[in-house]
Structure formats: C-alpha cells, structure tokens
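Chains E and R, in that order, give the protein sequences. 284 is the number that the UniProt record's numbering gives to position 284 of the first sequence; each next residue is one higher, with no gaps. 348 is the number that the UniProt record's numbering gives to position 348 of the second sequence; each next residue is one higher, with no gaps. All C-beta atoms in this analysis are idealised placements derived from N, C-alpha and C, irrespective of residue type, glycine included.
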Amino acid sequence: MENSSSSSIVSTESEKNSVLNLKETELRLGLPGSDFLGKKAGTGISLFGKDLKNEGNNGFRQIPLKNLVSGAKRVFSDAIDGSGKWGFSMKGGSEVDLGNGGSENTNALQSCLAGPSGKEIGNPNPAKPVEEKKNENNSTAPASKAQVVGWPPIRSFRKNTLATNLSKNNVVEEKSGLGCLYVKVSMDGAPYLRKIDLKTYCSYAELSSALEKMFSCFTIGQYASHGLPGQEHLSENCLKDLLHGSEYVLTYEDKDGDWMLVGDVPWEMFTDSCKRLRIMKGSDATGLAPRAMQKCKSQS
Amino acid sequence: MAYSFPEEVLEYVFAFLSSDKDRNAVSLVCKSWYEIERWCRRRIFIGNCYAVSPQIVIRRFPKVRAVKIKGKPHFADFNLVPEGWGAYLYPWISAMARSYPWLEEIKLKRMVVTDESLELISKSFKNFKVLVLSSCEGFTTDGLASIAANCRNLRELDLRESEVEDLSGHWLSHFPDNFTSLVSLNMSCLGSEVSFSALERLVSRCPNLKTLRLNRAVPVEKLPSLLRRAPQLVEFGTGAYSAEIQTDIFSNLVEAFSGCKHLKSLSGFWDVVPAYLPAMYNVCSRITSLNLSYATVQSPDLVELISQCPNLKCLWVLDYIEDAGLKALSSYCKDLQELRVFPSDPYGAEPNVSLTEQGLVTVSAGCPKLQSVLYFCRQMSNAALIAIARNRPNFIRFRLCIIEPQAPDYLTLEPLDTGFGAIVENCKELRRLSLSGLLTDRVFEYIGTHAKKLEMLSIAFAGDSDLGLHHVLSGCESLRKLEIRDCPFGHKALLANAAKLETMRSLWMSSCSVSYGACKLLGQKMPRLNVEVIDERGSPNSRPETCPVEKLYVYRTVAGPRVDKPDFVWTMDEDAALRLS
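Pasting the structure below:
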C-alpha cells in the first residue's frame, strides 16, 4: 500500500501553515459540490464530528446521509475517470492538499478515508465512506441509513440475536433495513409448501403469475388479466369471475391472525400485513366471498 | 530501639484487606510491610493486560490464587478494534502454570483465549475452581471439553457473551460422573444443543448449583425437568421460550417454577411466546433481576410480568416496553436500581416503537433508588435531561445513546449541552457517563467543572475543538478511562495534558484529528506510556506527519512497548523513528 503521490505533494512552509490553519477543515466530510451540505440540524450524520470551520459557532453542517452514500459513488467514478485528483489524494496526501474548494477537499478526504480497505481503489462500487467490516443487514436497503461502523454501540451478540429474531418471525419490515419478506405459501392438497419473497413483486398481477408458475391450476392469473392497468385492487367484476370460474381462492393470514381474501387492499398494505398465503379450495372459501363482494361494492 | 511487629500478625491483619487500593496503600508504608503484603496477596486485578507483564506480576506476588485480567479496549465491543489486535491469554497462562500451581480463579474480559490456553489451564491448576470468560473469543467447544474433563473441583464456568466456535454440544458430556462441585454454569452464548440427558444428570448430581443459564437450543418443554432437579437455583436463564402453547407444558412449567423458592434472577427468553410468561408468575415476587433483552414481547405482556415483580432491582429490556411500560415499571418497582433499554430495531430509519425520552423521565421520577441507566432512544431534549438530573441526583452510571449521531434537542434544535450539564452537575457521584446527540465544547466544560468523581467517559460525534478535550483532561480528577470516536480533537489538548495520561488506565481516540507527528511527540515525551497508533492503511511513515492517524490507544505501562503487535499497530517512542524507517 504505497503512497505514489509524494511527488505531487508540495510541502512548503506556507502550505504547512495553511494546513494547520485549515486543520479544522481536514475532517469535514463533504462531497463534490458544496450545495451538498444541507444546513438542517439533525438530519444526517457528519461522520467526523461537526464542521470545524465553524469553531465557536454552534451552527454546523450536516450531510444528509442518503446523499452521502449515493454521493460516494460519484466520487469514486469521478476519480477513476481520471480527474487527475486521484493520484495525490491517496492516503494522507489529502491533508496537505486540502484547499478551500469543496471538491478537492472532499475527493482527497474521501480517499484518505477509503485507504483502510484497499478494495476502494479502482472499485466503482459505492463503498461507504466508513468501512463496515461486518456487513450485516444493511447492504440491500437503499431506504434505510448507511451505517457507521460500531454505531449505535451494540455488541455483536445482541446484533446477531436481533437479526435472527427478525428473520425467524418472518415479519421483516423494509424500514429495518432487511430487504426481503419471505412468506410461506400453502396450497390445499399440495404435498409441500413453498416460500416466496413478497418484496420481489410490485402488484397482485406479478404475484399471481408467479404463484401460477409455482402451483398449476391457480386462478388469480385469470382475473389479474381482467384488471385495469394501474388498478391496485380487484374490481367487483374480477372477483365474480374468480368465484364462478375457478376451483381455488388465494387467501392470506394477516397480522391479526385473520384469514383474508387476497386483493381487497392496496398492494403495499397487503405486503405489510401478510404473514402467509394459502391457496384455498373454492368450496372452503364460500364464507369469504359474500363479504368480499360487499367490500367491492362499496369501493366501486 | 528496634520495634518490630511479628510478621505473622501483620499478615493476619492484612488478610482482612480485600480492596486493591488498601493493599497498595499498605505496601507503601515501609519495606517490610511491602514484603509481607506481597507474599500474602491472593487476588490480583489487571485492568489492562499490557500495563504489566506476567513476569513482573509473578515476581512481586508469588502466591496468587485468583487473577482477573482485561484485554481489549471497550470499543472492541463495537468492532472498532481490528481483528488480531492482541490481548492474548496464552503468555499469562504459560507463566502462571509454572508459578501459580495453586491458582483457583481466572476471570477474563475481552481477551483472546485459545483452546490451547484452556487445555493448559485444565491441566496446570489442580485446584482450579472458577473460569469466567466475558466477551472473550478465540476458543472452541473443544477447549470447554478440556475444562470439563480435567477440572475436578470446578465451581464456576461462565462464558458470558463470548464468541465461541461451536463445534458441537458434546463438551458438556465431558464432565465426569463423579463431578459434583458445580455452582454456576452460564452457557447462554453457545449455539449448539448439548446432550440433554447429560445436562440433566449434571444438574442432578450438583447439589450446590445456584446459577444455570442455558442456551437458546434448550426448548421450553425441557425446562421443568431441569428446574425440578435444581430447586435450589438462585439464577436461571431459559433457552428459547417458545413452543406452540400446550396446556401440559404450561402446567409443568408452573409447577416446576413454584418449586424454586430461591429464584432471584431470570434471563434468556429467546423467541418468547407471551402465553408462557405467566408460568413464572408465582416466582416473580422474589425476583430481583430480570433480563428480557432478547425477548421480543410487546409492552402489555411486559407490563403484566413486571407488575408481578415488586422487588425488582435490575431490569434489562428491549424498547418494546415503550413509554407506557416504563410508566408501569416506575409505579410497580420502587426498588429499581438498574435499567437498560436496548433498541429492537437500531438500523431502521423510523422508530418502530413508542419509546421516547419520556420513558426515562418517568422512571427517574418514580424509582428513587435508580442509579444505573443504559438507554437507547431516538429523541431527547434538554428539558428532559434536566428533569432526569433533578429527579435522580444519585446516578452513578448514566449512558444515553440517541441513535442518530448528533441529534439535537428535538424541541429546540439546540445542542444537548445544558441537559448533560445538568446531569453532571446534579449527580455528584457519577462514575460513568456516555454521551450522544449534538454536543459542543460547552458540554465538556460542564463535565470538567462538575464531574469530579467520573471514572469513565465515552464520547462520540461531539465537540468542536481541542478545548473540549482539554476541559475533560484538566478537570476530571478521577478519570481513568476515556474513549473517543469521531470527534474533532487534535493534539493540542493531548500534549498539554500529557501528564494526566499517566494517571489514567487508558485513552482511546479513533477517527479524530490527532496527527502522526503529535503521536510521535507524545511517545517521546512520555516514556511510561505506550502510545500506540493503529492504522490499517500501512505505516504512518508513508504519509506526512500531519496526517491524522486512524486510531490511537494510549495507556500507562511498566512493561514497555508490546512485543506481540500485529503489523497495523505501531508504538511511538524514542526509537520509533529508527525502528520504523
């Protein structure tokens, strides 16, 4: 891990002085384009403490963390495109080269931070600015925060137990950073169950075609094609077709433990509350039908 | 006229001194007292395994029976210390095996323990009784098998929160059939199933068993059988507390628990099915300690349980308890001394439960004996902290973790300086403090001014400048351990307060602004400190001196620089420049 940049580091006295004066800025973590730095308090993480430029001033800048993560990608691809800044900004040259400009500052700083894991070099993937060695559950959820190593301060044993709890209960919520939602699917008469990840579908139509593939003689596929595009829940017509034309009904168990007919509620609400699916024989489902019909009536 | 007091009498008197502080004071009186004391010291506590060497310890204290050693810095718990950093037990064991054949107790925290070490322990110390491995790692269940097989007089085997490579549950079966001395067994951190019949037989034949903490793999229906064989149990940890509700399991549990008239502490409760909790109700009135921090139970069920425990002194729980549950806690458990609330979903972007600062305010108001708190939450205000401080001036440990770094007072958007200031000002006996949220140098001024009894301080994402660090180093007279991460502290405060570092056990700074040059200077100035730079980017010599180091660990030592450093650790001293070039 060599520093190939020494030749481009100019270490004159004045530079050193300016470095010392700018010492406060050396750890300000920003990214190219200072418009990046939001001024709202409490909305993000400044990974190296506050903006030290504003020493003595209680104001500070925070970087919205989402931007931080996606921004990191830009930094590295910029760098790799040969912006010319890459060379000197490896491991430590950064401090000397810090100027007032946002991009130089940040590019350099980024690389200084990136140093620890050699993988960032030449790697266009958005590595997080602070390396997470034990990358548990955070890599798949863009909506959740990027994680700082060792924060919040929870011991590994506890973290691992939490993760196991969440997956065991099958109630994995997107907001927790785990990007999958596996539920069991059973079909009356079938010798074994299947498991599907609800997060891989965005609509009832997709779900039904997937289930159709898994279990033959499955009816939802039929009425989904009747549904209007963009319509998230089934219309009265579709349900009528379903009940009259088919042998099976798709139901699900919700968070309260009740068995519901699939298709009544908007897709997101369904995935939030669905714990397992059951493809029920039509004859068993007659109890559900009248209520469902009434619901449809009230909706249309 | 020579005056001499018979050695034997002095020795007899010294035997009543248990605290290290007292014994150290006694050693300083005169040479003969030093000599007498060192021959009769039986227990040693080594707070930092690199502060002293096994040889030095053994030379001074030749007749030790119990050692307690701590290794890695506290932040190792949160993955801030790279793998392979150190804290190896083996050199200690091999030295003690030769010199302390009568060693009975080894208690370790954050050390790397190998199977080889465990085997050596089991074979070297004939009267070995107590092994406590807290947050240790590096060993497998094979090592445990050696201990089980060879330590004929073992009383305690406690693996709390250690990382064990779990090859199989077979180790437990290595306890010989005539082994009956077990008093305490904590295997809660293990994954594999042990032979249940071996466990049953072990429990049956050890009449003095007081503590039994099972691992997750022991299912709830097996618990009654164990409890019936050990009605004398004082501390019990269940395994997975879940199964489909069956009335016979439930009634067996009720009966088994009722037989345990001495139970004071309960833990475990993985995968809890709330319907099984009432099985414990008839022991709850005696319960003083409850660890529900792995129990994913909602607030109403928690409250049901807690309301049956009027003598509760210590509660560890997940934030599912919510503010409402904490309110109930504060009304039912007036004896509460310690509360820890852990986050159930720490990485979620949004709160998943209704737990706020209000819960802590309520508990601080309602529980007059509350002295130790660890609280994870998502919002805090100065007003709340001030109220908490005024309610509970008797805090000795206050650790607050607001999950979002640098979160300000959510009501005023100001820093939380005044809130924490109130804590240190009112809680005059405060020994341990962990800060979080948005904090400026101001809070450190308050801490330096008021926190005179503070021994351990943890700081993250806080402060503005070196002035903050200076306040702490110059003001906190009792400070022993200081750990800092991601703060804008450079070298100025460190160098100005270098002498202070010799009065402390250790200082940890990571992701701060301390330059390599400053570290070298500190190392040169202070020969009795080990100033260690941890940097995984390669030798700090390959970067300018002004470049900040990744991590810095400074500690006082009489053992000189470490000889077992990995290649990412450098010791700064007079020879540093020569050695590194």
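Check	Outcome
For residue 54(R), which of 90(R), 160(R), 141(R), 444(R) has the nearest alpha-carbon?	90(R)
Suppose you measure from the CA of residue 180(R) to the CA of residue 563(R); what does that come to, to the nearest Å?	42 Å
Count Cβ pairs between the region 441–454 of chain R and the region 37–45 of chain R that sit closer than 8 Å; are there 3 or more?	no
Going straight from the alpha carbon of residue 356(R) to that of residue 256(E), what length do you get?	26 Å
From the DSSP secondary-structure annotation, give me the bridge partner or partners of residue 134(R).	109(R)
Do the region 348–368 of chain R and the region 315–329 of chain R meet, that is, are 3 or more Cβ pairs less than 8 Å apart?	yes
Which runs of the alpha helix (DSSP H), 4 residues or longer, sit entirely within the region 191–273 of chain R?	196–205, 223–229, 247–258
Using 10 angstroms around the beta-carbon of residue 443(R), count the other beta-carbons present and answer buried if the total reaches 16, otherwise exposed.	buried
Taking Cβ positions, are residue 227(R) and residue 191(R) nearer each other than 8 Å?	no
State the CB to CB distance for the pair residue 385(R) and residue 420(R), rounded to an integer number of angstroms; the pair is presumed to be in contact (CB under 8 Å).	6 Å
Would you mind reading off the limits of the alpha helix (DSSP H) that contains residue 123(R)?	115–124
Tell me whether residue 502(R) is buried or exposed, calling it buried when 16 or more other Cβ atoms sit within 10 Å of its Cβ.	exposed
Between the Cα of residue 15(R) and the Cα atoms of 159(R), 30(R), 36(R), which residue gives the shortest distance?	36(R)
Mapping the DSSP letters down to three states, classify residue 85(R) as helix, strand or coil.	coil
Does residue 314(R) come out as helix, strand or coil in the three-state DSSP assignment?	strand
Decide yes or no for the touch test of the region 56–63 of chain R against the region 73–81 of chain R: beta carbon pairs closer than 8 Å, at least 3 of them.	no
Looking at the strands, I want to know which residues DSSP matches up with residue 485(R).	460(R), 510(R)
For residue 206(E), which of helix, strand or coil comes out of DSSP?	helix
Residue 136(R) versus chain E: which residues are under 8 Å apart at the beta carbon?	None at all; the shortest Cβ gap to chain E is about 12 Å.
Using a Cβ-Cβ cutoff of less than 6 Å, which residues in the same chain neighbour residue 411(R) once the five nearest sequence positions on both sides are dropped?	381
In the DSSP output, what is residue 194(E) paired with across the bridge?	185(E)
Could you check if residue 191(E) is buried or exposed, using at least 16 other CB atoms within 10 Å of its CB as the buried criterion?	exposed
Which residues, in order along the region 142–169 of chain R, keep a beta-carbon less than 9 Å from a beta-carbon of chain E?	161, 162, 163
Identify every residue that forms a DSSP beta bridge with residue 158(R).	132(R), 186(R)
For residue 262(R), count the other beta carbons within 10 Å of its own beta carbon; 16 or more makes it buried, fewer makes it exposed. Which is it?	exposed
Where does residue 546(R) fall in DSSP's three states?	coil
So with Cβ pairs under 8 Å, would you call residue 181(E) a contact of chain R?	no
What's the gap between the Cα of residue 233(R) and the Cα of residue 67(R)?	27 Å
Confirm, please, whether the CB-CB distance from residue 142(R) to residue 115(R) is below 8 Å.	yes
Indicate whether residue 551(R) and residue 510(R) have their beta-carbon atoms separated by less than 8 Å.	yes
Between the alpha carbons of residue 303(R) and residue 409(R), how many angstroms are there, rounded?	29 Å
Contact between the region 147–158 of chain R and the region 117–133 of chain R is defined here as three or more beta-carbon pairs at a separation below 8 Å; is this criterion met?	yes
Find the residues of chain E that neighbour residue 289(R), judging by a C-beta separation of less than 9 Å, and give them in chain order.	Within 9 Å Cβ-Cβ: nothing; residue 289(R) doesn't reach chain E, min ~18 Å.
Just to make sure I have the definition right: I need the residues of chain E whose C-beta is within less than 9 Å of the C-beta of residue 77(R). Which are they?	150, 153, 154, 155, 156
Could one say the Cβ of residue 161(E) lies closer than 8 Å to chain R's Cβ atoms, at least one of them?	yes
Residues in its own chain within less than 6 Å of residue 330(R) by CB, not counting five upstream and five downstream?	362, 363, 366, 367
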